[in-house]
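The structure under discussion appears below in the form of structure tokens.
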Amino acid sequence: MMHSLLDDPLLRVRHQDRSVRGQSLPKILHRLTQEDIRSFEALQAHQQQAWHSFLVQLAAMAVARETGGTPPGTAATWRDALLGLAGGDEAAWHLVVADESKPAFFQSPIPEGSLDDAGYKADVPTPDQLDVLITSKSHDVKARRIRHPSPEHWIYALVVLQTMEGFLGRGNYGIVRMNGGFGNRPFLGFTNDLSWGSRFRRDLDVLLSERETLSERYTLDGPALLWTAPWDGAKDSAIPLGDCDPYFLEVCRRIRFQEENGTLVCWRSNTKGQRVDAPDSLNGDTGDPWTPIEKSGSKALTLSGEGFTYERLQDIVFEGEYTRPPALQIQETDNNNMYLVAQALVRGQGKTEGLHHRVVPVPGRATPSLRRKSKREQLAQRAQSRVERVQEVQRSILYPAIGTLLGGGDADAIDFDDVAPWIDAFDRAVDARFFESLWASVEMGDSEARRHWESLLWDEAQTQFSDAEDHAPSSSTRYWRARSSARTIFHGAARDTLKYAFSDAS
3 MMHSLLDDPL LRVRHQDRSV RGQSLPKILH RLTQEDIRSF EALQAHQQQA WHSFLVQLAA
63 MAVARETGGT PPGTAATWRD ALLGLAGGDE AAWHLVVADE SKPAFFQSPI PEGSLDDAGY
123 KADVPTPDQL DVLITSKSHD VKARRIRHPS PEHWIYALVV LQTMEGFLGR GNYGIVRMNG
183 GFGNRPFLGF TNDLSWGSRF RRDLDVLLSE RETLSERYTL DGPALLWTAP WDGAKDSAIP
243 LGDCDPYFLE VCRRIRFQEE NGTLVCWRSN TKGQRVDAPD SLNGDTGDPW TPIEKSGSKA
303 LTLSGEGFTY ERLQDIVFEG EYTRPPALQI QETDNNNMYL VAQALVRGQG KTEGLHHRVV
363 PVPGRATPSL RRKSKREQLA QRAQSRVERV QEVQRSILYP AIGTLLGGGD ADAIDFDDVA
423 PWIDAFDRAV DARFFESLWA SVEMGDSEAR RHWESLLWDE AQTQFSDAED HAPSSSTRYW
483 RARSSARTIF HGAARDTLKY AFSDAS
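What follows is the structure in structure tokens.
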């Protein structure tokens, strides 16, 4: 079997009627336009971002280049569009192609003539070892856990590898849509609801509307599926970035599948350079529709292991240090009630530093403040002011008070690390309520909004201070001195720092 994504039901999806059926890629694209998919059965959590991006980029190029800008109304028309995007070569949509001079799905043709001549090795026994997820200790996700993989397991792992992987040592280069070999490709955008179909349709509209704006950087009729062109892995065989379609689907590794006795065998080979020739100064700023760009240096966001904290998210949403990507801008057709979706698989050197996925509901009362520039700027100032107030509480109230408690009355005897558990717990509590409180404040005046926020911070600060009093170790000889001094500092500093929380003035 050739395992054709155009025709074979390789991908199991759960429909709205909760039934599970195998589908081809054209049928999946058609059903996503009809709101008829609940989930992809074999798709793992860390693969969802890459799969969604792949489907949207693919659909955007197919619609813009093959169907005149209008999404096809049938699966058959989607099939024709995908085939046209591959230059009419059905092999580009087969998982296994015996003729190695032809492309296969996310697998470049081999100009050297054969796997052996090109230095390929069959040393990837399972899909999870092809995937980008590094599981050195097998704590959260076991390594080599898929013992009897089906084609769909290989398909998802292949898409993730080719569109999300970074640098993993000499000969293993990464994608251009991230800032550096050890960066990551973040995904941030609004959606009208959290279903696969709704997110797909909205992002498809965003990509189609933004396509022309990228024409100065890219070639609208340039290479779209980079695996359709031969690749020998040499530096001089890289495809210039500006020659590509704005939403090109790249391949960063030389991979090839064969079928032996009904089992898929994955072969791979190292390369001497990246598939896409991009300047070092690019820093991941490729016009990716989901990636925020840091204003200083025009660098793509590289999420840290801390994830999408309230500080980082508000800085992105309100364009503090970052420029919002197109998917994170309110569209004319958006509902009042929306969701902000943020996802990223954070890579480290020889490890994975976390799969970060955060969904922030945006109620209808807040949407106008995000849509209108003047309102958004006002809300941005309020958000930044709230972040600063949190830092003041941590620095001026919690740290000296709890430090005094732990130090037996002497805060100078305590290192910050000793107080950090309560500071961190306070920050987590604030994180959980930050956006809910911010959205609620759009209907408040400045004084009311500040009093509401400072009261919330005061409540959370009291919770952490009480916990420290109950659980912090202390010398019995200094017990009452420590508590008396700590309480004096705590309440005095709170009244100085959170004046609105102790005032009934409007």
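Numbering (our numbering), first residue to last: 3 to 508.
Think of the CB as a built atom: it goes at the ideal place given N, C-alpha and C, for glycine as much as any other residue.
Beta-carbon contacts of residue i that lie in its chain and below 6 Å, excluding the five residues immediately before and after
i: PHE42; result: VAL15
i: HIS141; result: Residue confidence is low: HIS141 scores 43 on pLDDT, short of 50, so the model does not pin down where it sits. No coordinate-derived value is stated.
i: ARG226; result: Reading off the sequence, residue 226 comes out as Ala, not Arg. Same-chain partners within the cutoff: MET63, LEU87, ASP247, PHE250.
i: THR221; result: ASP245
i: LEU381; result: SER371
i: GLY121; result: SER271
i: LYS274; result: GLY235, ALA236, LYS237
i: GLY24; result: PRO11, ARG14
i: LEU27; result: LEU7
i: LEU500; result: GLU456, TRP460
Of the residues the options, the one placed nearest residue i, counting alpha carbons only
i: ARG270; options: ALA47, PHE108, ALA44, ASP498; result: PHE108
i: ASP412; options: ALA93, ARG384, ARG391, ARG480; result: ARG480
i: ASP133; options: ALA120, ASP429, TRP53; result: TRP53
i: VAL126; options: THR499, THR72, GLY191, ALA159; result: ALA159
i: HIS32; options: VAL444, GLU321, ALA61; result: ALA61
i: HIS454; options: ARG388, GLY115, ALA495; result: ARG388
i: SER468; options: SER457, LEU458, GLU456, ALA488; result: ALA488
i: PHE259; options: ILE425, GLY171, ILE157; result: ILE157
i: ILE257; options: ASP429, ALA124, THR499, LEU27; result: ALA124
i: ALA344; options: GLN383, ASP336, LEU303; result: LEU303
i: MET180; options: GLY447, GLN464, TRP292; result: TRP292
i: SER443; options: GLN333, ASP426, GLY366, GLY171; result: GLY366
i: ALA77; options: LYS29, GLN51, GLN50; result: LYS29
Residue i vs residue j beta-carbon contact at 8 Å
i: PRO188; j: LEU305; result: yes
i: ARG204; j: TRP233; result: no
i: ASP287; j: PRO327; result: no
i: PHE184; j: ARG314; result: no
i: GLU445; j: SER200; result: no
i: LEU8; j: GLU68; result: no
i: PRO111; j: LYS104; result: yes
i: PHE504; j: ILE399; result: no
i: ARG219; j: GLY182; result: no
i: GLU471; j: ARG483; result: no
i: ASN174; j: ASN272; result: yes
i: SER283; j: GLU323; result: no
i: LEU190; j: LEU45; result: no
i: ALA415; j: GLY409; result: yes
i: ALA94; j: TRP229; result: yes
i: SER395; j: LEU459; result: Note that residue 395 corresponds to Val in the displayed sequence, not to Ser. Cβ atoms of VAL395 and LEU459: closer than 8 Å.
i: LEU34; j: PHE310; result: no
i: PHE428; j: GLN466; result: yes
i: TYR502; j: GLU438; result: no
i: CYS254; j: ILE177; result: yes
Residue burial classification, residue i (beta-carbon count within 10 angstroms, cutoff 16)
i: HIS473; result: exposed
i: ASP247; result: buried
i: ASN338; result: exposed
i: PHE250; result: buried
i: SER449; result: exposed
i: PRO370; result: exposed
i: ASP461; result: exposed
i: THR490; result: exposed
i: PRO281; result: exposed
i: GLY89; result: exposed
i: ILE452; result: Strictly speaking, residue 452 in this sequence is Arg, with Ile absent from that position. With 16 or more Cβ atoms within 10 Å of its Cβ, ARG452 is classed as buried.
i: PRO294; result: buried
i: ALA507; result: Legend: pLDDT at ALA507 = 45, less than 50; position of this residue unreliable, value from coordinates given subsequently. Exposed.
i: GLN18; result: exposed
Residues near residue i by beta carbon distance below 8 Å, same chain, minus five either side
i: ASP151; result: Strictly speaking, residue 151 in this sequence is Pro, with Asp absent from that position. The residues are THR128, PRO129, LEU266.
i: VAL65; result: GLY71, THR72, PRO73, PRO74, ALA83, LEU206, LEU210
i: ARG20; result: ARG40
i: LEU196; result: TYR341, VAL343, VAL361
i: LYS139; result: At LYS139, the pLDDT of 47 sits below 50, so the modelled position is not reliable and the matter cannot be decided from this model.
Same chain only: Cβ atoms within 7 Å of residue i, ignoring 5 sequence neighbours per side
i: PRO153; result: HIS5, LEU12, LEU97, LEU266
i: ALA385; result: GLN316, PHE320, LEU440
i: PHE509; result: Because the chain spans 3 through 508 in this model, residue 509 falls outside it and cannot be assessed.
i: ARG378; result: PHE320, SER371, LEU372
i: MET340; result: PHE192, THR193, ASN194, VAL364, THR369
Identity of the residues DSSP links to residue i by a beta bridge
i: CYS268; result: VAL126, PHE259
i: GLN345; result: PHE189, HIS359
i: THR325; result: ILE295
i: MET340; result: VAL364
i: ILE241; result: VAL278
i: ARG16; result: VAL22, SER41
i: LYS353; result: GLY350
i: SER6; result: HIS96
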